[in-house]
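First to last, the sequence lines map onto chains A, B, C and D.
1 is the number of the first residue of the first sequence in full-length UniProt numbering; add one for each residue after it.
1 is the number of the first residue of the second sequence in full-length UniProt numbering; add one for each residue after it.
1 is the number of the first residue of the third sequence in full-length UniProt numbering; add one for each residue after it.
1 is the number of the first residue of the fourth sequence in full-length UniProt numbering; add one for each residue after it.
Using N, Cα and C, we set each Cβ at its ideal position, and we do this for glycine too.
There are 4 protein chains.
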Amino acid sequence: MDRREVQASVKDERLVEKRRDQMIKGAITLFKQKGFHRTTTREIARAAGFSIGTLYEYIRKKEDILYLVVDRMYDQIRERLQEDLVTNLGTVESLKLSIAYYFREMAEMQEEVLVMYQEAKSLSKDALPYVLNKEIQMVGLFENVIENCVRNGELDLDEKQIKLFAHNLFVEGQMWGFRRWALQKVYTLEEYIDLQLELLFYGVQGKVNQGTGGER
Amino acid sequence: MDRREVQASVKDERLVEKRRDQMIKGAITLFKQKGFHRTTTREIARAAGFSIGTLYEYIRKKEDILYLVVDRMYDQIRERLQEDLVTNLGTVESLKLSIAYYFREMAEMQEEVLVMYQEAKSLSKDALPYVLNKEIQMVGLFENVIENCVRNGELDLDEKQIKLFAHNLFVEGQMWGFRRWALQKVYTLEEYIDLQLELLFYGVQGKVNQGTGGER
Amino acid sequence: MDRREVQASVKDERLVEKRRDQMIKGAITLFKQKGFHRTTTREIARAAGFSIGTLYEYIRKKEDILYLVVDRMYDQIRERLQEDLVTNLGTVESLKLSIAYYFREMAEMQEEVLVMYQEAKSLSKDALPYVLNKEIQMVGLFENVIENCVRNGELDLDEKQIKLFAHNLFVEGQMWGFRRWALQKVYTLEEYIDLQLELLFYGVQGKVNQGTGGER
Amino acid sequence: MDRREVQASVKDERLVEKRRDQMIKGAITLFKQKGFHRTTTREIARAAGFSIGTLYEYIRKKEDILYLVVDRMYDQIRERLQEDLVTNLGTVESLKLSIAYYFREMAEMQEEVLVMYQEAKSLSKDALPYVLNKEIQMVGLFENVIENCVRNGELDLDEKQIKLFAHNLFVEGQMWGFRRWALQKVYTLEEYIDLQLELLFYGVQGKVNQGTGGER
DNA sequence: GATGAATGAGTATTCATTCAT
DNA sequence: AATGAATGAATACTCATTCAT
């Protein structure tokens, strides 16, 4: 249930991997520029470096390409995220570092994120669950780390607060990309990260309280 | 720079307004179901209650319809928002009420929000700025209210923090819709609002401080 | 159950009739030359005198054209046949005249007959029954006339013999067309008709007996 | 003029024979199911048990397969027919037995017959004569037997009558297959054979005379 | 102003055929 | 001799847009 198979006519597994790599790379470039619907299969084939006939040796329908692309993006993001999160110590300090790391990763992949936000809807009812499942898994990675902090007494949050916190920080990572037209005019990435961390951990009043806790 | 003209062949302003109303209503229903690209102009005409020929008396290109739809959505949201925000007193309590109100409004318009997220990309380079400008204006409404709170000494935030806070709450309002596949399985809307308000105002650590304020 | 509807987007019934007429005429010419599969929809549109887009305003799928063509052919044949058979008096003499008439008609439509024989298989499982039903009705016309002869004491045949006789003469009429590569080299049409009538009515031995009835 | 060569790249005659055997068997199965046009060369290769590359080592074009198939069918039919007809004694009784035998053979091969009727048109102008020639030869086998009967004084027919009689009985044998949708609902095969023999030999009036021979 | 028939560029997909390995 | 990956011409079908009535 974790990965939906996209059928290929070609048998050689290694070749399939290679050709799909070319295909996905070409497709991402194009999807970034013009979106899924405005990109033709021929353009994708050309961008991948082979003919339209060859393209269809490795997929069944155009939508398969979108699925492959989105699938690949998630895998990339998760891979990088996991790599980082395993070293997490379950302290607030370490959590902040991970969040900052994640924010920077997402900033690098902002174009891909945009594609996902805008084109995921075009996936069939069939493929969508697989994709959403991947996103849930990734949020889950953060949930685990936060839970550790709670277990270590560094944070005091119940199950539902943990989940929402994870969702929030997750979306804020993507937000840098999908609202760049607003954010990137005002903040540098590091500014953005600092400010978001502050808001995530202290909110707008917590922060006030922290400094002037006695005044109320 | 506030509104891009969509040219109509028909002169009677009142009629243009009426026909576009029908058109937009039909289009929204269809876009919700199948997205912009999968909806045909004929379908829109039929849903609007007139012929394809008539449709083209009131627009120039299919994209115009998308622009009109998105434009209308923003106007609706802003209208409701403004209506509420004018009564805002510039206190934290009143700000929280406004945010909760906004969250509920966005929950009601979640399908529209989804359409905007997924189809805005399809707007031409020409139309996009107008639309983004509207969103910036709406965020601005919240910025003003927050500024009032700061001016009243209820919050202690600088310009950049205000802006980011406004963006965050704005996105969190939309998030209930565009991440419903995850959130709406776990939270009721009111739960979601309560938890988000907590996180927005106290963060995850500010909250700790609040409860155990004495320990420091 | 007598006629399968082929959906048209155009509403004007008279126009639909007219355009389909053009379409069928063009299609028959092409099908005669190259068969259904080798004929493209564009060729049919061009032969009909309009664009590919217009073609599809009057049908849904390419197969619809084949159905329309075959349907039309049967209607034409039946029309001519019925016109003649109503005047039939129920005598052997009159039956022979009708058969000869039918043979001549089929000779005139031999290309159409060929198309039917070769392309009917290409009709979907959905459309085929309608077409076969038409052929059965046409055979039925002859069955009735033969029955009249039997009732008048001019022929002595039971139900099953009548049916088979009808089928035989029916196929022999088509045979002049679908075996022309053999028959039309040896016989003139009138020769063919005379000889077939002889064989149909007297067989190869009946004829012998007739002349020399006493010898056995 | 009796057999058209289909070029093979492979030299080993025995191998060519073997591979073509596999190919034809596979193709016949497929053509029966979906016709020539709807069957792909890949499917034929797979059904034959080898790769598409190998397939093209033994033919030049897809049409070659059709030719090979039809050629094979005719050979099969003729083989069985010849086997029987050589024993024919030149009497009416023996002729009837042969016809009945032929009818039964054709009933067994009805699917093949159907394929021939429907797909022969797809043969190029180049290959068609060879195929038609085979059919003429087969009709010729019957003509000979009938001629024997005439020579023996068992039948009184001139050249043209013999030829047409042969064609008729030949088509009636195929008819059981190509009109099965009508015939096989009404008659058993044996019934069909009996009735057709009656009609072939006595016609519809000759039969009358036979039964009431004394009345003249 | 309204209609809807006509248009044809555009697009996904298939499949016979080739050819390097 | 056998394989199967690569090719791209071909084709059914769609749909935004126009324009005569």
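| Spatial distance of D/E135 from C/V150 (CA atoms) | 37 angstroms
Margin query: When you compare the CB positions of A/L95 and A/V171, do they come within less than 8 angstroms of one another, or not?
Written below: no
Taking a cut of 9 angstroms between CB atoms, which residues from the stretch 9-30 of chain B lie near chain A?
none
Which residues mark the beginning and the end of the alpha helix (DSSP H) in which C/E191 is found? 189-202
#### Entry: Sequence-distant residues of its chain with Cβ nearer than 7 angstroms to C/Y169 (five each side left out)
The question names Tyr, but residue 169 of chain C in the sequence shown is Leu. Excluding residues within five positions, the ones whose Cβ falls inside 7 angstroms are I99, F142, L200.
_Extent of the continuous alpha helix (DSSP H) run through C/M109_ = Careful: C/M109 lies outside any alpha helix (DSSP H) and carries neither H nor E.
Self-check item: Spatial distance of A/Q210 from B/G206 (CA atoms)
Solution: Note that A/Q210 scores a pLDDT of 44, beneath 50, so its modelled location is shaky and nothing firm can be said.
_Here's the rule: buried if 16 or more other CB atoms are within 10 angstroms of the residue's CB, otherwise exposed. What is C/R20?_
buried
Q | Within 8 angstroms, strictly: CB atoms of B/E43 and B/L123 | A | no
Exercise. What runs of the beta strand (DSSP E), each 3 residues or longer, lie entirely inside the stretch 1-36 of chain D?
Worked result: none
What in chain A is Cβ-close to B/A182, meaning under 8 angstroms? L132, E135, I136, V139, H167
Exercise. To which residues of the same chain is B/L114 closer than 8 angstroms at the C-beta, ignoring the five residues directly before and after it?
Worked result: K32, G177, F178
Compare the C-beta of A/S122 with all C-beta atoms of chain B and state if any pair is closer than 8 angstroms. yes
Residues near A/F165 in its chain [Cβ-Cβ closer than 7 angstroms; skip 5 each side]: I146, L157
query: Does DSSP classify D/K61 as helix, strand or coil?
result: coil
Counting only beta-carbon separations shorter than 8 angstroms, does B/K160 have a partner in chain A? yes
Check your understanding: Got a sec, what are the start and stop residues for the alpha helix (DSSP H) A/N88 sits in?
Key -> Premise fails: A/N88 is in no alpha helix (DSSP H) and is neither H nor E.
- Query: In chain C, which residues lie with their C-beta within 7 angstroms of the C-beta of D/K163?
  - Reply: V186
Take D/V16 and list the residues in its own chain whose beta-carbon comes closer than 7 angstroms to its own, dropping the five residues that flank it on each side.
A8, V10, Y58
Classify A/N152: buried if its beta carbon has 16 or more other beta carbons within 10 angstroms, exposed otherwise. exposed
| message | Please return the same chain residues whose Cβ sits closer than 7 angstroms to the Cβ of C/Q174, not counting the five positions on each side in sequence. | response | M106, V113
| Cutoff 8 angstroms: A/M109 Cβ touching any chain B Cβ | no
Next on the checklist: Quick check on DSSP: helix, strand or coil for D/L123?
Outcome noted: coil
Can A/E154 and A/T91 be called in contact, C-beta distance under 8 angstroms? yes
Secondary structure at C/G206, three-state DSSP: helix, strand or coil?
helix
Just tell me which of D/L195, D/L183, D/K163 has its CA closest to the CA of C/Q184. D/K163
Practice item. Please classify D/Q137: is it buried, with 16 or more other beta-carbons within 10 angstroms of its beta-carbon, or exposed? Key: exposed
*By the criterion of Cβ-Cβ separation under 9 angstroms, what are the contact partners of A/R104 in chain B?*
Residues of chain B passing the Cβ test: none, with the nearest at roughly 17 angstroms.
Identify which residue in C/L97, C/I77, C/E79, C/T29 has its Cα closest to the Cα of C/I65. C/T29
Length of the line joining the Cα atoms of A/A48 and C/Q76
55 angstroms
My assumption, with CB atoms under 8 angstroms, is that D/R72 sits in contact with D/I24. Please give the rounded CB distance.
5 angstroms
- Query: Quick one: is D/G206 near chain C, going by C-beta distance under 8 angstroms?
  - Reply: yes
Practice prompt. Using a Cβ-Cβ cut-off of 8 angstroms, state whether A/Q76 counts as contacting chain B.
Written response: no
Check each residue of the stretch 187-203 of chain C: if its Cβ is closer than 8 angstroms to any Cβ of chain D, include it; give the result in chain order. Y187, E191, Y192, L195, Q196, E198, L199, L200, F201, Y202, G203
Do B/A182 and A/H167 count as a contact pair if the criterion is CB distance below 8 angstroms?
yes
Other residues of its chain near D/T40: CB distance less than 8 angstroms, five sequence neighbours each side excluded: none
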